[in-house]
Structure formats: structure tokens, C-alpha cells
Amino acid sequence: MKAAASRLYGKPLALLLVAVLVGAVHQWLFFEHEPGVSFPLFVLLFYLFMYAGAKDKLRPVTGFACYLGVVVGLLALSFLFIDSDLFRGLNALAVPGLALVHMAYCLDWRRPDWGRAGLILIALDHVITQNLRHWKTAMELLFASVAGRMEAKRRETLKAVLLGLAIAIPLLAVVVSLLASADGIFHQVLGGIPGWFAGLSLTEGGIRLLWTVLLGLGLFGYVYGFLKPDRGDEEETETAVRDERETRDGLLMDFRISPVTTATVLAMINVVYVLFVALQFSYLFGAWEGVLPEGVTYADYARKGFGELVAVTALNYILLLASLTAADGPAKGAARFNRWMLYLLVGCSCVMLYSAYSRLALYEEAYGYTVLRFLVHAFMIFLALLLVLAAIRVRLPRFPLMRCYIVLGLGAYVLLNYIGMESIITRLNIERYEQSGKLDTDYLMGLSSDALPRLSKLDSTAAPDFEERLRRKLELIRQKKDWQSFNLADYRAEQALNKRFAD
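In numbering that gives the first Met the number 0, the protein residues as written are 0 to 502.
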């Protein structure tokens, strides 16, 4: 009996206590603190907790598992290295999401294929369904540790009382807090009650405690969902796996398009594209030397049609993906024709992207460089790479297109984080200022600390209040005194501004 009890709540109880401890560390790192070095530290702690709790469920190490782990680690470290509000906001969502997908891939009993969308559904299953099932397990473990050898009747009574307290205490805290805020006399009455009861109001300590308990329960339920999963109907599981195997590159085979239909669509579309590209060549590659369509200025050329070209290229990409299933269809002649049409579609799309890219570059020379324009450049390069991979897929039907897209997408996002976007934008705007005398200091001052080392070298004549605004930036950085919020971009900016004002 004792051995059975030990198996029931020996290790799980320890796991629950460690989960609550991790929850306490989380609120200590992030409560009223801006994420900095604290973010990668907690991600590391989360991985150590998951490894310690569920290492027996780990699948054999694969290349994708290592790659995704590196991606999660680099994105977590971005909170230490960069200060871009855009990427910090995106990474606050991306890192937890990718970490949960990573856990599902490494620990789930179904050993999901990382090239399928089903992996995301499995991750959600563990975050929600499997997790919440084991909140009850946590309550049972606590009850078992408290009840000990009580008689069955007394044990049931204690269980009911504990459940009532678990429901009543949070409700009572909210009600008392609201009533105390609504009525001053009631608040004074509470002041005469012993401090332990008055503490039921939602003070900072109460929030921290609630944060710790809820996150601890969530972490325990999450890791225990891998240890003791609800597998449901095995037959349904096998059916789901079989259905997944019937997909190729994430597209259902049932939606295969007739090669003849595809050939008709591609032929008509490509006729228009070839005509458009032929006209573009008359002035596209000469725009940098001043050869433009008659009556069109540089600004007009740069602005006109840019969005439309990008939109058409994106539509071409969707058309390309939809046509892949027909490229190797049963009608051999039509299938061969489709392959050449798809190559032509990719070629025309790349010319359109180049045209849009050159227009945006001209527009930046005229009006300056911004984060949005930088990201649009990056998106066009990324879209061109997607088109090239799709063209390879046309040539090689067994080419793992979706897997390459996943690897490329994750790698491109990490590169955007670490390329120093705002520093590059600042450098380009300063170079433009040195050539033209035009500089939007209001925009540059709105950038993060990543831009400040370059701005600190700019002459004070760039704007009437330039010096004073730099000093205000320095004061804002100095206000971040908590070690949890330490960030290398802030540190480098502070050192650069200190050097400027010391000189």
C-alpha cells in the first residue's frame, strides 16, 4: 500500500512543488520589470524544468529538434541584445509559441512530423486539453499529502472543505476589494480587522501569490500531460495519422486540379505577364540613369504601382502553389507544358519583384528610410526565395517544399532580429543627410536604443533641440535600474551618450 501511494504522489508531488517554485521565479523576474536578461533566463529554466520532469518521454534527437531549439534560444536572447519595440513585442509571442511547439515535437507520444500542420494542433492539445486535465491531478496530490491516513468519510469531508476554500477565497478577495473601494466606511471597518483578513484584498502580495499558484499549476499540468496523456480512442488516432499521410506538402490530394485546366489558366496569365515584362524592360533597368517613362518623375515612378506589383507577385505565388499538384498529373503532355508555364511564371514574378524593389529604393532616396520600408524590402527578398524554392519543387516533385519553407521562415525571422535593422536605418538616413542635407530627426528619435550609438555621433546642428533630446534619451535609459531589465543595446547606447556628453 505504501509503495503504491509512493508511486501515486511521490514524484508527481515533487514535480508540483518545483512547478510552483518556477512560477514564483517567473513573477520575481517579470512582475513590474521590463523583460531583459530575465527573458532568456526564464526560457532556460523552463527547458530545464521540462527536461527534468519529462526526460523519459524524449524522442531521439533530430536535426529539426536542434534547429528549433537554436531558434527559440536566439529569439529569447534577443531580449538581451536588441531593444526594438517591434521585435520585442513579436518575440514575446513567438518564443512561447515556438517553445510549446518544440515541446510537442520532442515529447508527444505520437512522434508528430514537423512538416505537417498537425504539429500545431498537438501543441495546442497539450497547452489546453492535456494541461487542464491535470489541474485536478494537482489538487488530488495536495489532498493526498494532507489527508494521509484519515478515514474515508473524514477524507471526503476534508476534500469538500478544501474545494470550497479554493473557490471561496479568490471570490472573497475580489468582493472585499471591490466593496472596500466602493464604500469608505466599509474600508475603515476592514482596517480594524486583524491584518491577516484585511490582506484578502488584491494587494501586490496577493497578485504575486495568485500569479505563482496559477503558473505553477499550469506548468505542472503541462509537463504531466506528456507524462500521463489522455490518448483518447486509439482507432481515431490511427485514422488521423492515416489522413495526415494522405497529404503532400500540406495540401490535400483531394483538391488536385486537372492539368488541362491548369495549363489553360497559366497560359492566359503568362501571356499578360510576358507583355508586361517586355514593356518594363524598356525603362526598368535604365531608371537609375534617368531613363524613365515620358512625363514621369522619380517620385512618381517610385510611388506608382509599387503596391500593385507586390500584390500581383503574392497572387502569383499562391497560383504557383495551387498549380503544383497538377504539374505532374496523369496527362503527360499537359503536365510538361505546365512545368514550363510555372517556370515562366516564376521568372515574370521575379522581374516584378525587382521592379517593385527598385521603385522602393528610389522612393527611399527621395523620402528617407523607415522601419516599414526596410521590412517591405525584406519581405520582397523572402518572397523571391519562396518562388525559387517553388520552382525547384516544380523540377523535383519529391522536394520537401513545406519543410524548406519552415526552415527558411524561421531562419529569416531570426536574421531580421539580429541584422540590426534600426541601426542600419539610422546609418542610411545619416548618409542621405550628408548628401542632401535632409534628415527626419523626429522619426529617428522615435527609434529604440539600437539607433542611439549612431545618432550620438551626429552633429548637434541636425536639429535645433537635438542635444536636449539625446539627454532625455539618456535619462530614460538610466531609469532602468533593475537587473532583470538589463539589455546590451541600452548599455551600448548609454556608453555612447556618456562619451558624447563627456566630450
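Yeah, the Cβ is synthetic: ideal placement off N, Cα and C, and Gly gets one too. Nothing here was measured: the structure is a model prediction, and the numbers come from that model.
Rounded separation between residue i and residue j - CA only
i    : j    : result
L20  : Y223 : 16 angstroms
F485 : F78  : 9 angstroms
Y221 : Q129 : 7 angstroms
T61  : H101 : 12 angstroms
E421 : L120 : 36 angstroms
D84  : T369 : 14 angstroms
P111 : L446 : 42 angstroms
Y432 : N497 : 24 angstroms
S348 : V387 : 10 angstroms
I418 : W134 : 43 angstroms
L409 : V375 : 17 angstroms
N337 : N269 : 11 angstroms
Y104 : A122 : 8 angstroms
S455 : L361 : 27 angstroms
V413 : G215 : 30 angstroms
A137 : F45  : 19 angstroms
L89  : A143 : 42 angstroms
I380 : D464 : 38 angstroms
Y272 : A262 : 15 angstroms
L67  : K437 : 43 angstroms
R244 : Y404 : At R244, the pLDDT of 47 sits below 50, so the modelled position is not reliable and the matter cannot be decided from this model.
E363 : N416 : 22 angstroms
Y356 : P396 : 30 angstroms
L469 : K480 : 19 angstroms
M49  : V264 : 51 angstroms
R471 : W482 : 21 angstroms
H125 : V69  : 22 angstroms
I206 : L97  : 28 angstroms
F86  : L73  : 12 angstroms
L47  : V406 : 25 angstroms
Whole-Å CB distance - residue i paired with residue j, under 8 angstroms assumed
i    : j    : result
G52  : L14  : 5 angstroms
F38  : A93  : About 12 angstroms; that fails the 8 angstroms criterion.
A18  : L218 : 4 angstroms
P258 : A333 : 4 angstroms
Y316 : L385 : 6 angstroms
V393 : L314 : That pair is no contact at about 18 angstroms.
L352 : L382 : 6 angstroms
M340 : A277 : 17 angstroms between Cβ atoms; not a contact.
I81  : A488 : 5 angstroms
Best match in the options for proximity to residue i [C-alpha to C-alpha]
i    : options                   : result
L473 : A462, F500 and A461       : F500
F41  : W27, E31 and K54          : W27
A450 : R115, R207, I429 and T211 : I429
L43  : C65, V71 and R58          : V71
S354 : V375, V309 and Y342       : V309
P228 : G367, R132, N497 and Y366 : R132
R477 : Y490, E467, F465 and T260 : Y490
L208 : D458, L118, Y356 and H25  : H25
A91  : G35, Q494 and A488        : G35
T312 : A365, F378, G367 and V264 : F378
K54  : P95, L67, W108 and G96    : W108
A64  : L118, I127, G205 and R470 : L118
S435 : G367, V264, L343 and M49  : G367
L457 : F48, A495 and Y356        : A495
Cutoff 6 angstroms; reference residue i; Cβ partners in own chain excluding five residues on either side
i    : result
K56  : L106 and F225
E33  : S484
A462 : T440
I391 : F398
A389 : L319
E493 : I476
S448 : D82, A488, D489 and A492
P95  : none
Own chain, CB closer than 8 angstroms to residue i, minus 5 neighbours either side, in chain order
i    : result
G249 : The predicted position of G249 is uncertain, since its pLDDT is 42 and thus under 50; no value can be drawn from it.
F373 : M420, I423 and I424
W210 : G22, H25, Q26 and F30
V212 : V19 and G22
Neighbourhood of residue i by C-beta distance below 7 angstroms, restricted to the same chain and skipping five residues each side
i    : result
R453 : S422, T425, R426 and I429
L140 : Y8, P11, L12 and L15
L443 : T425, N428, A450 and L454
S459 : F465 and E466
R58  : C105 and R110
Below-8 angstroms beta-carbon distance, residue i vs any chain C residue
i    : result
I121 : Any reference to chain C falls outside this structure, which holds one protein chain only.
### Query
Which residue spans inside the segment 8-83 form an unbroken beta strand (DSSP E) run of at least 3?
Counting whole runs of 3 or more residues, the segment 8-83 contains no beta strand (DSSP E) stretch at all.
### Task
Go through the segment 376-447 residue by residue and report every complete run of the alpha helix (DSSP H) that reaches 4 residues or more, in order.
The DSSP assignment places complete alpha helix (DSSP H) segments of no fewer than 4 residues inside the segment 376-447 at 400-417, 420-435 and 440-444, in order along the chain.
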